[in-house]
Amino acid sequence: MKRNSGITLVALIITIIVLLILAVVTISAVNEGSLFSYVNNAAEGYSKAQEEENTIISTYLTKMEKYNSENDIWKKRGLDTSIPGIIGTTYSFSGPITSVTDNSKECIDINIILNSDGSMNWGRKFIQNEENIGNDYDIISCQDIDDLIELFPISANSITFPDSEFETVTITFESNKATLTVSNTNYISE
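Below, the structure written as structure tokens:
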């Protein structure tokens, strides 16, 4: 006897009935809104969490701004720190700027950074007889600047301080640039 292998009509009808039952259950779940309500609840929860996070961030930013304005060392010294780029920007000046102490010595580059902690970076590159004779890089501490302010007060947009090579140096700040004045000569930052 020969056996036929394949899907019988009964198996096909049972499969179709099972698929119809699954379809009815799925459609009723969607129509009752339970599936969409989960999605809507999740979206609402996300929106609420985002609003809470924005409120917390805003509160911290406000506290940080208040702290910074209360603890802005440069501002307390009299410098207008609202000038764009005044704190943390490297101001570069190109010479030659002749040394007051040694006429054969020239400074060809000066870099200045006012740090948010109240200190200042002061870097210089010197040449003598057209040969590089070295770099001079100092970090003028917060305390040293406070001591200098007693002799050279800070105005709203400028700082004056003594220098071993140039007697006195004045830096005047404008929006994202500065002017260096040495021996009555002005140099504009690059």
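Residue numbering for the sequence shown follows the working numbering, starting at 40 and increasing by one per position.
Note that CB positions come from ideal geometry on N, CA and C, so glycine has one too.
With a cut-off of 8 Å on the beta carbons, I'd call S158 and I179 a contact; round off their distance for me.
6 Å
What are the residues that DSSP puts in a beta bridge with A232?
A question about residue 232 goes unanswered here, because the residues of the chain that appear run from 40 up to 229.
Going by alpha carbons, who is nearest to I188 out of N79, T94, V69, K115?
K115
Taking just the CA atoms, how far does I112 sit from Q182?
Straight-line spacing of the CA atoms in Q182 and I112 works out to 11 Å.
Note the first and the last residue of the continuous alpha helix (DSSP H) segment covering D183.
Looking at the DSSP string, the run of the alpha helix (DSSP H) that includes D183 is 181–190.
Report all residues from its chain with a CB closer than 6 Å to the CB of P123; omit the five preceding and five following residues, and keep chain order.
S214, N215
In angstroms, rounded to a whole number, what distance separates the CA positions of L48 and T54?
10 Å
Which of the three DSSP states is assigned to N174 in this structure?
In the displayed model, N174 falls within a strand according to three-state DSSP.
Assuming contact is defined by CB atoms lying nearer than 7 Å, are Y130 and I147 in contact in what I supplied?
no
Would you tell me roughly how many angstroms separate the C-alpha atoms of A68 and I56, rounded to the nearest one?
18 Å
Closest to V221 by C-alpha separation, out of T199, L59, K87, would be which residue?
T199
Is A81 buried or exposed, if buried means 16 or more other CB atoms sit within 10 Å of its CB?
exposed
Our contact map puts F132 next to S228 with C-beta atoms below 8 Å; I'd like the distance itself, whole angstroms only.
6 Å
Since L190 and V208 are thought to touch, with beta carbons under 8 Å apart, how far apart are those beta carbons, to the nearest angstrom?
Contact doesn't hold; Cβ gap of about 13 Å is too wide.
Go through its chain and collect everything with a Cβ distance to S194's Cβ below 7 Å, but skip five positions before and after it.
G117
Of the residues T128, N196, T211, P201, which one's Cα is nearest the Cα of D9?
Given a span of 40 to 229 for the chain in the structure shown, any question on residue 9 remains unanswerable.
Using DSSP's beta-bridge definition, name the partner residues of E206.
Answer by DSSP bridge pairing, in chain order: D202.
Once DSSP output is grouped into helix, strand and coil, what is the label at N150?
strand
Terminal residues of the continuous alpha helix (DSSP H) containing I136?
Premise fails: I136 lies in the beta strand (DSSP E), 129–137, not in any alpha helix (DSSP H).
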